[in-house]
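Numbering (my numbering) for the sequence shown: 7 to 237.
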Amino acid sequence: MRIDDWVNPGLVKSILTLALLISASGASSQIETELGSRIPHASPAEIPSSNLSAQDRARATIAAFSTCLVLRSRVAVERVLSLPATDMATTKALSNLATSDCLRAGKLGMAPSLLRGGLFNALYRKDFLRTPPPLYNKALNYHLDVSDPTSPSAQSYIALHEFADCVVRSNPVDSRTVVISSVASAQETAGYSRLGPSLSGCITVGQNLSFSKTVLSGIISEALYRQSARK
Numbered sequence: 007m008r009i010d011d012w013v014n015p016g017l018v019k020s021i022l023t024l025a026l027l028i029s030a031s032g033a034s035s036q037i038e039t040e041l042g043s044r045i046p047h048a049s050p051a052e053i054p055s056s057n058l059s060a061q062d063r064a065r066a067t068i069a070a071f072s073t074c075l076v077l078r079s080r081v082a083v084e085r086v087l088s089l090p091a092t093d094m095a096t097t098k099a100l101s102n103l104a105t106s107d108c109l110r111a112g113k114l115g116m117a118p119s120l121l122r123g124g125l126f127n128a129l130y131r132k133d134f135l136r137t138p139p140p141l142y143n144k145a146l147n148y149h150l151d152v153s154d155p156t157s158p159s160a161q162s163y164i165a166l167h168e169f170a171d172c173v174v175r176s177n178p179v180d181s182r183t184v185v186i187s188s189v190a191s192a193q194e195t196a197g198y199s200r201l202g203p204s205l206s207g208c209i210t211v212g213q214n215l216s217f218s219k220t221v222l223s224g225i226i227s228e229a230l231y232r233q234s235a236r237k
């Protein structure tokens, strides 16, 4: 099973075509020029350019853009996230979200599946940042998220999300830590380190999963939000 049947981690570099509204310092302005668009003043984001790798800058961009979308268009976000996850119509709907006022100019260049993870991260922060609710704590049925569970993309989606769901139920405290911590912060790094046993323990025998931290943070965010919001 190929992980890039659902999302190609290499596409993370293209996220940098999305810009953030960042501070007016020379370094920040340079990044803004490189990225080419901006998140409005209603949802500003500060990114320390000198301390972030390209992948971490991409993750920070997803987080800021997704937060803006949830604050401005939550109903539309929830509607799109309720659609069959791997259908082309859903991919188009996610792409359409990227034309919102959360972009100063240009187009959002990222795999829609990465935006999906960012949106769930933003929803969790919006609803549960202060107080973590009790988890549903039973395995969620991700087969229900797709219209054709036998397709390669659906099988990759299901495998990834079942893995993330296992990690969250195995270690909800540190799953929450990596979801709410700032990108590339000491808290996030420590959280991922403590998640190590769960990450390895939730891979089933014969399973070969390979993904970037961008993908991992997105699927953990989704699993944690859905475990937290499930009644």
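From the three backbone atoms N, C-alpha and C, an ideal C-beta is built for every residue, glycine too. All figures in this text were calculated on a predicted structure; none of them were measured in a lab.
| query | Which residues bound the alpha helix (DSSP H) around Arg232? | reply | Per DSSP, Arg232 belongs to the alpha helix (DSSP H) from 219-235.
| Helix, strand or coil: which one does DSSP assign to Thr96? | In the structure shown, Thr96 adopts helical secondary structure according to DSSP, grouped into three states.
| Relative to the alpha-carbon of Ile209, which residue among Thr67, Cys108, Ala170 has its alpha-carbon at the smallest distance? | That would be Ala170, whose Cα lies nearest to the Cα of Ile209.
| query | Run through DSSP, which three-state label would Gly123 get? | reply | helix
| query | Using DSSP with H/G/I as helix, E/B as strand and the rest coil, what is Lys144? | reply | coil
| request: Can you tell me which of the three DSSP states Gly202 falls into? | output: Reduced to three states, the DSSP call for Gly202 is helix.
| Excluding sequence positions up to five away, which residues of its chain have a Cβ less than 8 angstroms from the Cβ of Leu89? | Ala95, Thr96, Ala99
| message | Going by DSSP in three states, Cys108 sits in which element: helix, strand or coil? | response | coil
| So, helix, strand or coil for Gln213, using DSSP? | Coil, per DSSP.
| query | Closest to Lys219 by CA distance: which of Asp154, Ser101, Leu201 is it? | reply | Leu201
| Between Arg131 and Val173, what straight-line distance do the alpha-carbon atoms span, to the nearest angstrom? | 19 angstroms
| Proximity below 9 angstroms, CB of Pro221 to CB of Gly124 | Rather than Pro, the amino acid found at residue 221 in this sequence is Val. Contact: no.
| Beta-carbon proximity of Thr73 to Ala128, cut-off 9 angstroms | yes
| On the three-state DSSP scale, how would you describe Ser159? | Note: Ser159 maps to helix in three-state DSSP.
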